[in-house]
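Under the numbering used here, the first residue of the sequence shown is numbered 1, with each subsequent residue one higher. Note that beta-carbon positions come from the ideal geometry of N, C-alpha and C, so glycine has one too.
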Amino acid sequence: MKIAEMIVRQAAPYEAVAFDVFDTLLKRDVGKPTDLFLLRGKEFAAARTEAEQQARAAQPGEITLSQIYERPCLAGYDPADECGLELAAAVPNLPVLQAVQELRRQGKRLYYISDMYLPPEQVATMLALCGYGRFDGGFVSCLYGVQKRSGALFRRFLHETGLKAGQVLFVGDSWRADVAGAALAGIHALHLPDPKALGCTPLPHDAVTGAAYAFASNRQQTGKNAAESLGFEVLGPLVISFCKWLHQRRGACTQGRVFFLARDMYLIRAVYALLYPEEETFYLQVSRRSLCPALLAQKDWRLLIQALPRQVLSGAQIAAYCGGSCPAMYARRRYDLKTSQGSEAVRPLLEGLQPPPDGMLALDYLRRSGLRDGDLLVDIGSGGTTQLLLESLCGITLHGLQFSGDERLRQRFTRHRAEVFFHPTDRQAILYWAGQPMLERFLSEDVGATLGYVQQGNGIAVRCAPQQKQPLVAALQRGALQYAQAWRDSVLRDLALPAADAVAPFLQLVGKPAPWQVRLLGSLTVEDGGTYPLAAPAPLAKYLARPGAAKQDFARSRWKIGFLKQLLPWPLPYDRLYLAMKK
């Protein structure tokens, strides 16, 4: 049963309902209450913790915020700043808010009762800002000098409201303070279950990851679009952390302008604009494929070979990729471009191709884009091939900012010429590259690949492959944008989530997907010298009859762990099996 429905149903026979405040009516965007102090720095956090300990030791009853700030170790600090931080960190507990709104419509008398050192006026303001409206009364322990856990604050509540214990249901999250404390005053209490764990985000290991976990958990909504929820949890922290890193690197490279590569960096650019609306950025609609005709016209065989997809392709596919017509003798020949031998073997085919008439329009497009020495090129990255091609065609030196990179990147560029956001461990690297095609699809503009360019009047228009838009991709990206907007407007806006922690939910999705996640995402396709499904196996019966088809479809799948999970939905450690295969 949903929490809101459970509260409303339990409250039916009661005249009044009272609620605990923190972790019941309100949530905070931090892992634990004292982590809030860390947002003002470690020095303040240490002093603030010490001051509260001293204040409680000096007084047996409940304490006030003023008494905490009277301690010498907090000299010079203003309690108003802490109150402001509490206001900024508070968010409504959404299912409880829904229940309160329904109970108010039913005419129930509504109260809140809290063990808290914050002034009652502060608690009331926090509740109002979180959408709760007016309560019939509020009881905060620091005003009365007694607490819930002893039952005394509940007895004070009954005395002042004139209610009898049997007329009241109390709702709270603590067995000790809420359930047992209410029982001491004869009040029946409803204990709220712990919030549902996030599906992909690992449990926090420090204050920063605790804040990020709480932020996502506090905004979970049952019944929300599944793809949006997945995009919120999995893509949200990743795009925020990457954009913050880009902003920091841009600040260190003050002369260069920022160019986001189409299509892969479409969502990243949108999030960057959301976070830093005052900064101008540019969108460069190039792909390795769109640059191949110019390389073919220049007869730059070395770069042209590097620009080709690292796949097993036929001569006809390679010719089409370069915009030329394939000589019949090469059309059906297969080339393994993942190996150096296959890459060298393709050169005679390339030398026999005729460049298309509009092949050099790529250079016109690049000139009109204004790309120049020192500009920053943002890409999802692997080997830095696009940067390499652009530098050669334009005769300039760029500064690459890539999400991640492989060994080819370090062979081609120094760390000062191509920087990387995410440096995975060996295990993370296997999972990341296993899921990178999927991530690229999630982040990309949902249009066809950039094929080339056409003259259009006095300008150059981009020619894209036809592609049917996928509502699933749009929903995933909406979720990520919702996360980014909520983060920007939250108390955590200046928090820097380390790359490994930001990428962890995505790696969890890649390696240990839930069955519903595989079903949701498996039918998506990605492009890499051809169109490939993420994880869409045929029925098992087909593979039992034709084992070769299973091998072929598995090879074509771009999310192999998802393929196995979809084909054999058993509780097997598919991530470990895949890691063992790669080793």
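DSSP three-state call for CYS464: helix, strand or coil?
Position 464 of the sequence shown, counting from 1, holds the residue named residue 464. Of the three classes helix, strand and coil, the one that applies to CYS464 here is strand, per DSSP.
Taking only the alpha-carbon atoms, compute the straight-line gap between ILE63 and LEU190 and give it to the nearest angstrom.
Numbered from 1 along the sequence shown, position 63 holds the residue referred to as residue 63. Numbered from 1 along the sequence shown, position 190 holds the residue referred to as residue 190. Straight through space, the alpha carbons of LEU190 and ILE63 are spaced by roughly 27 angstroms.
Cutoff 6 angstroms; reference THR209; Cβ partners in own chain excluding five residues on either side
In the sequence shown, residue 209 corresponds to position 209, counting from 1. When the five nearest sequence neighbours on each side are left out, the beta carbons in the same chain lying within less than 6 angstroms of the beta carbon of THR209 are those of ASP501, in order along the chain.
Exposure of GLU121, with buried meaning 16 or more beta-carbon neighbours within 10 Å
Within the sequence shown, numbered from 1, the residue matching residue 121 stands at position 121. Residue burial is scored here from C-beta neighbours: GLU121 has fewer than 16 other C-beta atoms within 10 angstroms and is therefore classed as exposed.
May I ask which residues mark the beginning and end of the beta strand (DSSP E) holding ALA16?
Locating residue 16 in the sequence shown gives position 16, counting from the first residue. Here the beta strand (DSSP E) through ALA16 covers 16-19.
Between GLN98 and ASN225, what straight-line distance do the alpha-carbon atoms span, to the nearest angstrom?
Locating residue 98 in the sequence shown gives position 98, counting from the first residue. Locating residue 225 in the sequence shown gives position 225, counting from the first residue. C-alpha of GLN98 to C-alpha of ASN225: approximately 18 angstroms in a straight line.
Whole angstroms is fine: what's the gap from GLY435's alpha carbon to PHE282's?
Taking the first residue of the sequence shown as 1, we reach residue 435 at position 435. Taking the first residue of the sequence shown as 1, we reach residue 282 at position 282. C-alpha separation (whole angstroms): 27 angstroms.
Could you tell me how far apart the beta carbons of ALA18 and TYR111 are, in whole angstroms, since I believe they sit closer than 8 angstroms?
Within the sequence shown, residue 18 is the residue found at index 18, counting from 1. Within the sequence shown, residue 111 is the residue found at index 111, counting from 1. Indeed they touch by this definition, with Cβ atoms about 4 angstroms apart.
Assuming GLY236 contacts GLY479 under a Cβ cut-off of 8 angstroms, what Cβ separation, rounded to an integer in Å, is found between them?
Residue numbering aside, residue 236 sits at position 236 when the sequence shown is read from its first letter. Residue numbering aside, residue 479 sits at position 479 when the sequence shown is read from its first letter. So it is a contact: roughly 7 angstroms between Cβ atoms.
Does the stretch 423-443 come within contact of the stretch 510-530, defined as at least 3 CB pairs closer than 8 angstroms?
Under the Cβ criterion (8 angstroms, minimum of three pairs), the stretch 423-443 counts as touching the stretch 510-530.
Using DSSP bridges, identify the partner residues of GLN402.
Along the sequence shown, read from residue 1 onward, the residue named residue 402 stands at position 402. Paired residues: ASP379 and VAL420.
Excluding the 5 residues flanking VAL96 on each side, which residues of the same chain have their C-beta closer than 8 angstroms to its C-beta?
For this step, residue 96 is matched to residue 96 along the sequence shown. Cβ within range, chain order: ILE3, ALA4, ILE7, PHE19, THR24, LEU25, VAL171 and LEU192.
Anyone know if the C-beta pair for PRO466 and CYS200 falls short of 8 angstroms?
Locating residue 466 in the sequence shown gives position 466, counting from the first residue. Locating residue 200 in the sequence shown gives position 200, counting from the first residue. No. Outside cutoff.
Pull up the CB-CB distance for LEU476 and LEU230, whole angstroms please, since I reckon it's below 8 angstroms.
The residue labelled residue 476 in the question sits at position 476 within the sequence shown. The residue labelled residue 230 in the question sits at position 230 within the sequence shown. LEU230 and LEU476 do touch by the CB rule: their CB atoms are close to 6 angstroms apart, below 8 angstroms.
So, helix, strand or coil for GLY151, using DSSP?
On the sequence shown, position 151 is the one that residue 151 refers to. In the displayed model, GLY151 falls within coil according to three-state DSSP, outside both helix and strand.
Rounded to a whole number of angstroms, what is the C-alpha to C-alpha distance between ALA46 and ALA496?
Locating residue 46 in the sequence shown gives position 46, counting from the first residue. Locating residue 496 in the sequence shown gives position 496, counting from the first residue. About 21 angstroms.
Chain-order list of residues whose beta-carbon lies under 7 angstroms from that of TYR14 (same chain, five-residue window excluded):
Counted from its first residue, the sequence shown places residue 14 at position 14. Within the same chain, and ignoring the five residues on either side of TYR14 in sequence, the residues whose Cβ sits closer than 7 angstroms to its Cβ are GLN167, VAL168 and LEU169.
Tell me whether ASN458 is buried or exposed, calling it buried when 16 or more other Cβ atoms sit within 10 Å of its Cβ.
Taking the sequence shown and counting its residues from 1, one reaches residue 458 at position 458. So ASN458 ends up on the exposed side.
Use the C-beta contact count for ASP264: other C-beta atoms within 10 angstroms, 16 or more gives buried, fewer gives exposed.
On the sequence shown, position 264 is the one that residue 264 refers to. With a 10 Å radius around the Cβ and a threshold of 16 neighbouring Cβ atoms, ASP264 comes out buried.
Between the CA atoms of GLN508 and LEU431 - distance to the nearest angstrom
Residue numbering aside, residue 431 sits at position 431 when the sequence shown is read from its first letter. Residue numbering aside, residue 508 sits at position 508 when the sequence shown is read from its first letter. Distance between the alpha carbons of LEU431 and GLN508: 9 angstroms.
Between the alpha carbons of ARG488 and TYR272, how many angstroms are there, rounded?
Here residue 488 corresponds to residue number 488 of the sequence shown, with the count starting at 1. Here residue 272 corresponds to residue number 272 of the sequence shown, with the count starting at 1. Pairing ARG488 with TYR272, the inter-Cα distance amounts to about 11 angstroms.
Here's a check: name, in chain order, each residue in its chain whose Cβ is nearer than 6 angstroms to the Cβ of GLY324, leaving out the five neighbours to either side.
One-based indexing of the sequence shown puts residue 324 at position 324. Same-chain partners within the cutoff: LEU353 and GLN354.
Touching or not, the stretch 36-53 and the stretch 67-81, by the rule of three or more beta carbon pairs under 8 angstroms?
They touch, by the three-pair rule.
Residues in its own chain within less than 6 angstroms of VAL473 by CB, not counting five upstream and five downstream?
Working through the sequence shown from its first residue, we reach residue 473 at position 473. Excluding sequence neighbours, VAL473 sits near ASP446.
Distance check for LEU295 and VAL234, CA to CA, integer angstroms please.
Taking the sequence shown and counting its residues from 1, one reaches residue 234 at position 234. Taking the sequence shown and counting its residues from 1, one reaches residue 295 at position 295. Going by the C-alpha atoms only, they are around 38 angstroms apart.
Under the three-state DSSP convention, the category GLU102 falls into:
Working through the sequence shown from its first residue, we reach residue 102 at position 102. In the displayed model, GLU102 falls within a helix according to three-state DSSP.
Element boundaries [alpha helix (DSSP H), containing THR386]:
By one-based count along the sequence shown, residue 386 stands at place 386. Run containing THR386: 385-394, per the alpha helix (DSSP H) assignment.
Between SER343 and ARG310, what straight-line distance do the alpha-carbon atoms span, to the nearest angstrom?
By 1-based counting over the sequence shown, the position of residue 343 is 343. By 1-based counting over the sequence shown, the position of residue 310 is 310. Here the alpha carbon of SER343 sits roughly 9 angstroms from the alpha carbon of ARG310.
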